[in-house]
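These notes are about the structure you will find just below.
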Amino acid sequence: MPEKTDYLKLISEQKHTKPPIEDVIGSFLEGERLQNATDFIKFLRENNMNPRWTSGNNWKVPGKKGKLTCSIGLGGGKHVWQKGFEVGDWSVGDLDGHERKYMDEFMDCDETKEFIWQNIKPCRKCSPNGKYCTKLNKTYVGKLYPESCSFSVQNPDAKELEILKKLVVANKRFVPEKTQ
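What follows is the structure, given as structure tokens:
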């Protein structure tokens with residue numbers, strides 16, 4: 057990564073170009089993180105899950121019937137909830153799915169359950185002043201998390217990426233039945 061890059065300018069230019077993530081990622085990541093993110097994007101494309109630019113350094117990955125499968129974010133943004141998410145960081149988020157029901161198939165897999173539980177994040181977006189949201193209580197594979205907004209994975213290593221791929225495929229497959 058160049059040392060004197062104006063990352064905020066690169067991010068703001070995306071509004072006009074709406075670039076594919078592959079055109080941007082090398083400006084924000086390097087080394088193992090770049091390799092892992094590139095591997096994940098390649099996996100998504102091979103499985104008909106094509107990331108689409110949505111906002112500065114953010115791409116959504118649509119699944120069946122327009123349902124969100126996941127999102128990919130690159131660090132360097134200036135939103136208050138991105139504090140600590142710097143250039144050189146990347147994440148896969150929006151993994152909650154529809155009421156987290158797709159996760160039920162992993163109830164008997166301790167490794168996957170532990171991975172999910174380790175990556176549940178307390179709410180920072182709803183209350184950027186540092187206090188957590190007290191309205192959100194979510195259950196993830198049998199465990200209740202108070203004050204929790206999301207399941208997202210930041211800077212996954214190669215082993216974590218394999219688990220993440222299984223979860224993303226399961227989330228894509230799960231389409232809830234319509235309720236009347």
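FYI, the numbering for the sequence shown is 57 to 236, going by the numbering used here. Here a beta-carbon is modelled for each residue, glycine too, at the ideal position from N, C-alpha and C. Computed from a predicted model, the values in this text were never measured in an experiment.
- In chain order, G112 place their CB closer than 6 angstroms to the CB of Q70, counting only its own chain and leaving out the 5 sequence neighbours on each side.
- Separation of C126 and N92 (C-alpha to C-alpha, rounded to the nearest whole angstrom) is 16 angstroms.
- Within the same chain, Cβ atoms closer than 6 angstroms to the Cβ of Y201 are found at I176 and K194, the five residues on either side in sequence being excluded.
- For R108, the beta-bridge partners assigned by DSSP are K116.
- Boundaries of the beta strand (DSSP E) harbouring N193: N193 to Y196, taken from the DSSP string.
- Taken through DSSP and simplified to helix, strand or coil, G132 comes out as coil.
- I172 places its beta carbon 8 angstroms or farther from that of V148.
- For the pair P178 and E203, the CB atoms are nearer than the 8 angstroms cut-off.
- Here DSSP, grouped into helix, strand and coil, assigns T125 to strand.
- Listed in chain order, the non-local C-beta contacts of D166 below 6 angstroms within the same chain number zero, local neighbours out to five positions each way being set aside.
- In this structure, E142 places its C-beta atom within 8 angstroms of the C-beta atom of G131.
- Here the C-alpha atom of F84 lies approximately 35 angstroms from the C-alpha atom of E161.
- Taking a contact to require three or more Cβ pairs closer than 8 angstroms, the segment 73-84 and the segment 97-109 qualify as touching.
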